[in-house]
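Counted the way this note's numbering counts, the sequence shown spans residues 320 to 451.
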Amino acid sequence: MSIKSKLALQLVAVSYVLIIILLYVLNLLHPMTIFILCGLEFITWSIIFLSERLSGITDELVLSILSRVNKIGMNFLVISIVILSIILISPLYKDFVISKVAIGICLMLILFIFSIIRLLSFIYYDRKGIYK
């Protein structure tokens with residue numbers, strides 16, 4: 320499995336979790352359906368992790384591109400989680416009640432955007448080259 324397909328599969332898996340959570344919050348899914356969908360999600364993540372373990376990355380260019388992509392993604396994650404934390408503990412929002420579910424959905428949206436950034440930046444650096 321190529322790196323692009325792994326990143327795309329991770330994006331699909333994260334969007335799948337986000338959709339399940341949103342449907343659960345809106346009470347549109349039966350609990351048994353949620354159990355079945357979570358089982359499918361477990362299978363998807365198992366495929367992702369097993370394919371990473373079984374196939375090693377041997378290309379040095381791919382390693383350097385993934386290094387740069389992960390650096391960009393981690394910068395985004397740190398900045399967005401710090402901003403979310405500041406918003407949550409800010410005295411301006413002390414009267415505004417934020418539920419645990421809303422915080423979880425915000426974190427899932429951040430993870431979804433992180434997956435999109437990783438996929439698009441890997442495609443960009445793979446086409447243009449890392450040094451341009």
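Glycine included, C-beta positions come from ideal geometry on N, C-alpha and C.
- In this structure, the CA atom of Ile-406 is about 10 Å from the CA atom of Lys-413.
- If you draw a 10 Å sphere on the C-beta of Leu-326, you find 16 or more other C-beta atoms in it, and that means buried.
- Of the residues Ile-398, Val-333 and Ile-442, the one whose Cα lies closest to the Cα of Thr-363 is Val-333.
- In this structure the segment 335 to 346 does not touch the segment 379 to 396; the number of beta carbon pairs closer than 8 Å is below three.
- For the set Ile-422, Ala-421, Ile-429 and Leu-438, the Cα lying nearest the Cα of Arg-387 is the one of Leu-438.
- Going by DSSP, Leu-411 is part of no alpha helix (DSSP H) at all; its letter is neither H nor E.
- In the same chain as Leu-347, and ignoring 5 residues on each side of it, no C-beta atom comes closer than 6 Å to its own.
- From the listed residues Glu-360, Leu-428, Val-344 and Ile-355, the smallest Cα separation to Leu-328 is found for Glu-360.
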